[in-house]
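Some notes on the structure that comes next.
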Amino acid sequence: MKGQILDFSIQNGGGLINGEDGKRYPFKSEEWKEQNIPTRGMNVDFDINGDGQAIGIYKALNSSSSNNVVNAFNTVAQSRNENGQLSLFALFLETLSKRYAQFSGRASKREFWGYTLFRIIADFSIFIVAIIMSEISRSLGDIFFLLYYLFALAVIIPSLSVVIRRLHDIGKSGWWFLIILIPIIGPIWLIVLMCQPSFNGDNQWGSMPEN
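In structure tokens, the structure reads:
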């Protein structure tokens, strides 16, 4: 039967497959017959034993390179630390994808600073590469500077949305973002607000973030 990996944990010694028949089949780690670790979203072929468990699991032969890219992205995007929290890089990817234009709800201090850290790293990296490429070839430099400006434009919306949700998380309206317009004091004030701990418990913007 064909299916797709829903979950796998080395610690738990197994995982779960969503079969093409719509049923879910648990499996033990020793039934995974490939060298690489199974990841969420990976297409697989497997058999089923009398107890309804998946056995003899192999990666599907028709898995395309595009699926492999998606699987790799999902693995990184769902990576967690020892406390079970999404990694800072995973939070960055989640903000850029699932929460790209999500202005409702709340964002933890960890989510905001994780996103901000890797956005700055990405900004700086693309800019440095553009400078290096412009020394090699003007046309290459122009291409990378264009990528830099496109990236800068692309992150405006998620950058604004995560700030708004961070304000919600500390119990303040998103309109507080406008304090950034106050010369000198405004940006500093906003940074201080971004460093505040989450409002303990639920508030009018939703439940307390897990991450």
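Each position in the sequence shown, counted from 1, maps to that position plus 12 in my numbering. Virtual Cβ for every residue (Gly too), placed ideally from N, Cα, C.
- Around the beta carbon of K71, a 10 Å sphere encloses 16 or more other beta carbons of the protein chains shown; the residue is thus reported as buried.
- Considering only K45, G153 and N55, the residue with the shortest C-alpha distance to I67 is K45.
- Taken through DSSP and simplified to helix, strand or coil, Y112 comes out as coil.
- If you ignore the 5 residues before and after F189, its C-beta comes within less than 8 Å of the C-beta of L172, V175, I176, L179 and L202, all in its own chain and listed in chain order.
- If you draw a 10 Å sphere on the C-beta of V204, you find fewer than 16 other C-beta atoms in it, and that means exposed.
- Beta-bridge partners assigned by DSSP to V56: G15 and K71.
- For A142, the secondary structure class from DSSP, reduced to helix, strand or coil, is helix.
- Less than 8 Å divides the Cβ of V167 from the Cβ of R131.
- Within the same chain, no residue comes within 7 Å of I133 by CB-CB distance, once the 5 residues on both sides are set aside.
- With a cutoff of 8 Å on beta-carbon distance, D181 and S109 are scored as not near each other.
- Judged by DSSP in its simplified three-state form, A164 adopts helix.
- With contacts defined by Cβ atoms closer than 8 Å, F124 and M220 do not form a contacting pair.
- Leaving aside the five residues that flank V141 on each side, the residues in its chain whose CB is nearer than 7 Å to its CB run, in chain order, F156.
- The straight-line gap separating the alpha-carbon atoms of N48 and N55 is approximately 13 Å.
- Cβ atoms of L103 and G117 stay farther apart than 8 Å, at about 14 Å.
- Bounds of the alpha helix (DSSP H) holding P199 are I197 to M206.
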